[in-house]
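To keep things clear, I will list the structure first and then write my remarks on it.
Numbering (the working numbering), first residue to last: -10 to 233.
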């Protein structure tokens, strides 16, 4: 149900705040990065993927997200946004809420690492971030993923501009319709947060490259700003919504 989806989202967010997987702890005059590797995560990446969520029954990890499933989620959101008949459906709201939660989880992992990196210039801290591992996987086609996110920005921006005022009174009688509009806005904010995190990740990677901290094992990926520029150059209809 709609209520169960929203309640689950808020519960997971509160649990993440109460029991963070990554956080900064005061250690004298400095802050120390603490990583609780045993803590639950909605992502199944790297070594956890090979061991089946740290040796646990793999049936328990079927609901977790690897790079491919995360990419497929954005594809499903784009398809639903382009299909006006599906826009107000529960599944579409479910996907938007799920995307919002996953971006929130990425942010909770990346932000303290970013702060710790600024103090220590330890590239390993960033290399092991969920965001870097997620985007560095061969299962995720980065250019396609970014294009899907730009499509979401374009679609959601149009819907936010239309707003509730363009809806008829009968439309507004549906709590599902109102919730869909609310989560369209939240999805828009989540895409922005994701883009900003990836831009920061790329800037850190460039700095680490100059300092000689990276190696071939870190792989190569086009910076997100290059992909965005290319997409906006060839699809000018996205330019105005993207800048907004």
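All C-beta atoms in this analysis are idealised placements derived from N, C-alpha and C, irrespective of residue type, glycine included.
Here the structure is a predicted model, which is why all the values come from computation and not from measurement.
**Asked** So the beta strand (DSSP E) residue 33 belongs to, where does it begin and stop?
**Response** It is not in any beta strand (DSSP E) - residue 33 carries neither H nor E in the DSSP assignment.
**Request:** Leaving aside the five residues before and after residue 62 along the sequence, list all residues of the same chain whose C-beta is less than 7 Å from its C-beta, in chain order.
**Result:** 84, 87 and 88, listed in sequence order.
**Asked** Should the stretch 127 to 140 be called in touch with the stretch 108 to 116, which here means at least 3 C-beta pairs below 8 Å?
**Response** Segments in contact, no.
**Segment limits, beta strand (DSSP E) that includes residue 15** = That run of the beta strand (DSSP E) goes 11 to 16.
**Prompt:** To the nearest angstrom, how far is it from the Cα of residue 69 to the Cα of residue 141?
**Reply:** CA-CA distance, residue 69 to residue 141, rounds to 10 Å.
**Three-state class that DSSP yields for residue 94 in the structure shown** = Correct three-state label for residue 94: helix.
**Item:** DSSP bridge partner residues for residue 24 (one or two, in chain order)
**Value:** Paired residues: 11.
**Request:** Hey, could you find the ends of the alpha helix (DSSP H) residue 114 is sitting in?
**Result:** In the DSSP assignment, residue 114 falls within the alpha helix (DSSP H) that extends over 112 to 116.
**Asked** Can you round the beta-carbon distance between residue 188 and residue 213 to whole angstroms, since I take them to be within the 8 Å contact cut?
**Response** Right, the Cβ-Cβ distance comes to about 6 Å (below 8 Å), so this counts as a contact.
**Asked** Relative to the C-alpha of residue 59, which residue among 71, 80, 51 and 32 is closest?
**Response** The option with the nearest alpha carbon to residue 59 is 32.
**Message:** Let me check one thing: in DSSP terms, what residues is residue 19 bridge-paired to?
**Reply:** Beta-bridge annotation (DSSP): residue 19 is paired with 16.
**Contacts around residue 191, its chain only, beta-carbon distance under 8 Å, and the 5 residues preceding and following it disregarded** = Correct list, in chain order: 212, 213 and 214.
**Request:** To the nearest angstrom, report how far apart residue 222 and residue 210 are at their CA atoms.
**Result:** Going from the Cα of residue 222 to the Cα of residue 210 covers about 20 Å.
**Prompt:** At which residues does the alpha helix (DSSP H) containing residue 222 begin and terminate?
**Reply:** DSSP places residue 222 in the uninterrupted alpha helix (DSSP H) bounded by 213 to 223.
**Asked** The alpha helix (DSSP H) with residue -10 in it runs from where to where?
**Response** Premise fails: residue -10 is in no alpha helix (DSSP H) and is neither H nor E.
**For residue 59, the first and last residue of its enclosing alpha helix (DSSP H)** = It spans 56 to 71 - the alpha helix (DSSP H) in which residue 59 sits, taken as one unbroken run.
**Request:** Over the uninterrupted alpha helix (DSSP H) stretch that includes residue 119, give me the two end residues.
**Result:** According to the DSSP assignment, residue 119 belongs to the alpha helix (DSSP H) that extends over 119 to 125.
**Prompt:** Which first and last residues belong to the alpha helix (DSSP H) in which residue 200 is found?
**Reply:** Premise fails: residue 200 is in no alpha helix (DSSP H) and is neither H nor E.
**Asked** What is the DSSP secondary structure of residue 182, reduced to helix, strand or coil?
**Response** Residue 182: helix per DSSP, three-state reduction.
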